[in-house]
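Have a look at the structure below, then the notes.
Numbering (my numbering), first residue to last: 1177 to 1426.
Below, the structure written as structure tokens:
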């Protein structure tokens, strides 16, 4: 006869101790993170340098201070168990922003933690942005990191620059409310095609026709903000994009 032995593995909870990636630790002091507004929290960034091991018990060398953190996204926030976050570095509880260079990226206050939950390769966004940067075009810089919130390990995240007007990000001209004619009104502008949840923005609707079906597409103006843009500036950029679409269609 044949005697069979089976070894049954015992599954244990994952204990996160160290990584060769930077470690971000967030402590909300018992407050729940919500969609809006950002809540005050303590943040540590442990990064001992290229090729070095980072331990959760190490002193934070990349950042130690306050931050405002909130959920980010729409579908990903509602339906995915691993949540994306947006955060702003703050000086203190007064919520004054603080520009800091994180893990080799240019200093700024606004950042994104991409959960990349529905991309099992964990590479699609990072690869696309890196290719664009290597081609000499600006795209969001990113770094992989480990995430710990209130002493609970949340897994691998992608620390990313938030797309915004900045000399080290989207380096476009500033627009004043008096810039309404001539070359002054030509910009810069930041536009986005996205869901309209989140911060309100000035927008207009364009139409996309696919297989005889018309789809309404909102084009939102991210910069200037809805409280700052003038009618002349709104009409200029709307007409500019509309003329482009008309020429392309023709």
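Note that CB positions come from ideal geometry on N, CA and C, so glycine has one too. This structure is a prediction, so every number in the text was calculated from the model and none was measured.
- As computed with DSSP, residue 1284 is found in a beta bridge with 1276.
- DSSP places residue 1412 in the uninterrupted alpha helix (DSSP H) bounded by 1407–1425.
- In terms of Cβ geometry, residue 1380 and residue 1414 form a close pair [threshold 8 Å].
- Residue 1247 has its alpha-carbon roughly 7 Å from the corresponding atom of residue 1212.
- Distance from residue 1198 to residue 1230 at the Cβ level is roughly 6 Å; contact confirmed, criterion being Cβ atoms closer than 8 Å.
- Taking residue 1393 as the centre and dropping the five residues before and after it, the same chain places the C-beta of 1369, 1381, 1382, 1383 and 1384 closer than 8 Å to its C-beta, in chain order.
- Burial check for residue 1262: the Cβ neighbour count within 10 Å reaches 16 or more, so the residue is buried.
- With contacts defined as CB atoms closer than 8 Å, residue 1269 and residue 1216 qualify as a contacting pair.
- Below 8 Å, too few C-beta pairs join the segment 1270–1280 and the segment 1300–1311 to call them touching: fewer than three.
- With a 10 Å radius around the Cβ and a threshold of 16 neighbouring Cβ atoms, residue 1249 comes out buried.
- Note on geometry: alpha-carbon atoms of residue 1228 and residue 1321 lie some 13 Å from one another.
- Note on geometry: alpha-carbon atoms of residue 1289 and residue 1411 lie some 35 Å from one another.
- Judged by their CB atoms, residue 1335 and residue 1298 are not nearer to each other than the 8 Å cut-off.
- A straight line joining the alpha-carbon of residue 1350 with that of residue 1416 spans about 18 Å.
- Of 1293, 1333 and 1329, the smallest CA-CA separation from residue 1257 is found for 1293.
- DSSP places residue 1313 outside both helix and strand once states are collapsed to three, so it counts as coil.
- Where residue 1252 is concerned, the enclosing alpha helix (DSSP H) starts and stops at 1251–1255.
- For residue 1318, the enclosing beta strand (DSSP E) begins and ends at 1318–1325.
- In the DSSP assignment, residue 1394 falls within the unbroken beta strand (DSSP E) covering 1389–1399.
- Taking 8 Å as the upper bound for CB-CB distance, residue 1238 and residue 1223 are in contact here, some 4 Å apart.
- If you look at residue 1333, you'll find it in the beta strand (DSSP E) that goes 1328–1337.
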